[in-house]
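J.: Numbering (UniProt numbering), first residue to last: 1 to 392. For glycine and all other residues, C-beta sits at the position ideal for the given N, C-alpha and C. Just so it is clear, the structure is predicted and the values come from calculations on it, not from any experiment. Have a look at the structure that comes next, please.
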Ligand code: FDA
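Next comes the structure, spelled out in structure tokens:
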């Protein structure tokens, strides 16, 4: 039987941050993971460069049934705190767009930073180890592991969400929360590409690979970012963002030329040169393949002079007021995160400790706090992990 002050389950972003912080406070800490390597999602994140935080991270960038819950943690450990840590390790980084900070080099540097922090704090890391059973014993916890047993005063659950099961995502954290009587807010894939009905997909098939700067809206929520047509439907940052707000049966509205009155532009082009092909006129505003498809879909005459105001208005509608109902999403297979999770009303917002189970902490993505695309999810992992690390 091994005894620790703190056992952290899940050596991902939140778990490693928490373990290092608890270790720095002189706690004996064991962090374990069933995977063969720690921080695999960090490694693959941001296209291999890890979008590790966002300059503008604030509670407004997070979705939760309890929107005020994240305020305390985000204030106690900020994006500036994590960026300072990155700088201390001499890791070069840059702002890509919209406040998103990426490593100049490999995301592996962030994993190494966390491993080094844990090593300096004397944290024991054990990989390829699963927890088969957790029992409350006295004021601590008794863990049955695949390779032995362990006892601890504080148990931290940092097992992440359900996305990318082939990388080892499990529902362990949710199941454990339920075992201890905590409510779990229904989970669903988020930051995920959306799929289209077969007929629409077939019509849009020639556009696979085409990207436009768009405003994509669902209800009152909208995002102005790139949208990408794919072989399965729609993706790109704008679609991933809106997917977190979309529900089955709801309509998505897309403007592919935001701020441009295409009707007036085409009218002016028609007045200036009526013999210009509609497709050519559209190509001045849109990627060629998209311009071609829109022109063909109108089935009307090919020259601007032959296009009535009615036709031009229809084109403006198709480009700037495209409304459709997605068939669904690509699901956890490709989702970047999981919406929902352990109900934050069950947790202390300062420490992440379960109110009804002293000594049990839940941090990171397993909790019902989901960030937008753009470094917000790692910031939540760092902030919630740091807070639990000060208390566990
Ligand atoms: P995380 O998933 O990092 O860690 C959980 C750990 O628990 C894993 O190591 C897992 O193996 C382990 N585990 C699970 N079940 C277990 C069990 N039963 N027993 C033992 N161990 C178990 N975010 C962002 O801010 N910027 C970005 O650039 C990206 N990019 C990105 C790309 C892709 C492809 C994905 C899928 C996701 C992102 N994200 C992102 C999201 C980000 O990766 C995610 O929000 C954080 O990794 C969550 O951190 P956690 O520590 O909570 O979970």
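In three-state DSSP terms, what is residue 133?
T.: Strand.
J.: So, with DSSP's three-state summary, where would you put residue 125?
T.: Strand, per DSSP.
J.: Taking the alpha helix (DSSP H) that residue 174 falls in, what are its first and last residues?
T.: Residues 172 to 179.
J.: Inspect the beta-carbon positions of residue 161 and residue 169 and report whether they are closer than 8 Å.
T.: Going by C-beta atoms, residue 161 is nearer than 8 Å to residue 169.
J.: Measuring alpha carbon to alpha carbon, tell me which residue in 384, 380, 309 and 374 is nearest residue 96.
T.: Selected option, being the one with the closest Cα: 374.
J.: Pop quiz: residue 350 and residue 387 are said to be a contact at Cβ under 8 Å. What is the actual Cβ separation, rounded to whole angstroms?
T.: The pair is a contact, with the Cβ atoms about 6 Å apart (cut-off 8 Å).
J.: Could you check if residue 261 is buried or exposed, using at least 16 other CB atoms within 10 Å of its CB as the buried criterion?
T.: Exposed, by the Cβ-count rule.
J.: Between residue 295 and the rest of its own chain, which residues show a CB-CB distance below 7 Å, the 5 nearest in sequence each way excluded?
T.: Excluding sequence neighbours, residue 295 sits near 278, 279 and 282.
J.: Measuring alpha carbon to alpha carbon, tell me which residue in 391, 382 and 392 is nearest residue 113.
T.: Comparing Cα positions, the closest option is 382.
J.: Relative to the alpha-carbon of residue 238, which residue among 103, 207 and 192 has its alpha-carbon at the smallest distance?
T.: The option with the nearest alpha carbon to residue 238 is 192.
J.: Could you check if residue 132 is buried or exposed, using at least 16 other CB atoms within 10 Å of its CB as the buried criterion?
T.: Exposed: under 16 other Cβ atoms inside 10 Å.
J.: Could you pull out every unbroken beta strand (DSSP E) segment of at least 3 residues lying fully inside the UniProt domain "RsdA/BaiN/AoA(So)-like insert" (188 to 337), listed in chain order?
T.: Listed in chain order, the complete beta strand (DSSP E) runs (minimum 3 residues) inside the UniProt domain "RsdA/BaiN/AoA(So)-like insert" (188 to 337) are 211 to 218, 221 to 229, 233 to 235, 252 to 255 and 322 to 324.
J.: Is the Cβ-Cβ distance between residue 23 and residue 150 less than 8 Å?
T.: Against a cut-off of 8 Å, the Cβ pair of residue 150 and residue 23 comes out as no contact.
J.: Quick check: does the Cβ of residue 172 come within less than 7 Å of any heavy atom belonging to the ligand FDA?
T.: Yes - the ligand FDA has a heavy atom lying nearer than 7 Å to the Cβ of residue 172.
J.: DSSP on residue 50, reduced to helix/strand/coil?
T.: Here residue 50 sits in coil by DSSP.
J.: Whole angstroms is fine: what's the gap from residue 311's alpha carbon to residue 318's?
T.: Straight-line Cα distance between these residues: approximately 11 Å.
J.: Compute the Euclidean distance between the alpha carbons of residue 394 and residue 339, then round it to the nearest angstrom.
T.: The requested residue 394 does not occur in the structure, where the chain is confined to residues 1 to 392.
J.: Could you tell me the distance, in whole angstroms, from the CA atom of residue 104 to the CA atom of residue 49?
T.: Between residue 104 and residue 49, the C-alpha separation is close to 7 Å.
J.: So, are the CB atoms of residue 321 and residue 226 less than 8 Å apart?
T.: No; because the gap between Cβ atoms is not below 8 Å, this pair is not in contact.
J.: From residue 46 to residue 119, what distance separates their C-alpha atoms?
T.: About 25 Å.
J.: Between the beta-carbon of residue 19 and the beta-carbon of residue 9, is there less than 8 Å?
T.: In this structure, residue 9 does not lie closer than 8 Å to residue 19 by Cβ.
J.: Relative to the alpha-carbon of residue 179, which residue among 391, 389 and 357 has its alpha-carbon at the smallest distance?
T.: When only C-alpha atoms are compared, the closest one is 357.
J.: With a CB to CB cut of under 6 Å and the five nearest residues on each side skipped, what residues in its chain are close to residue 370?
T.: Counting only Cβ-Cβ distances below 6 Å, and skipping sequence neighbours, we find 63, 190, 337 and 339.
J.: Hey, is residue 364 close to the ligand FDA, as in C-beta under 7 Å from one of its heavy atoms?
T.: Yes, since a heavy atom of the ligand FDA falls inside the 7 Å radius drawn around the Cβ of residue 364.
J.: Three-state secondary structure (DSSP) at residue 363?
T.: DSSP places residue 363 in coil when its eight states are reduced to three.
J.: Return helix, strand or coil for residue 3, following the three-state DSSP convention.
T.: Here residue 3 sits in strand by DSSP.
J.: Going by beta-carbon coordinates alone, are residue 384 and residue 57 separated by less than 8 Å?
T.: In this structure, residue 57 does not lie closer than 8 Å to residue 384 by Cβ.
J.: Are residue 211 and residue 236 touching if we call contact CB-CB under 8 Å?
T.: Yes, these two residues count as a Cβ contact at 8 Å.
J.: With a threshold of 16 other CB atoms inside 10 Å of the CB of residue 100, please say whether the residue is buried or exposed.
T.: Classification for residue 100: buried.
J.: For residue 167, I'd like the list of residues in its chain whose CB is within less than 6 Å of its CB, leaving aside the five on either flank, ordered along the chain.
T.: Excluding residues within five positions, the ones whose Cβ falls inside 6 Å are 40.
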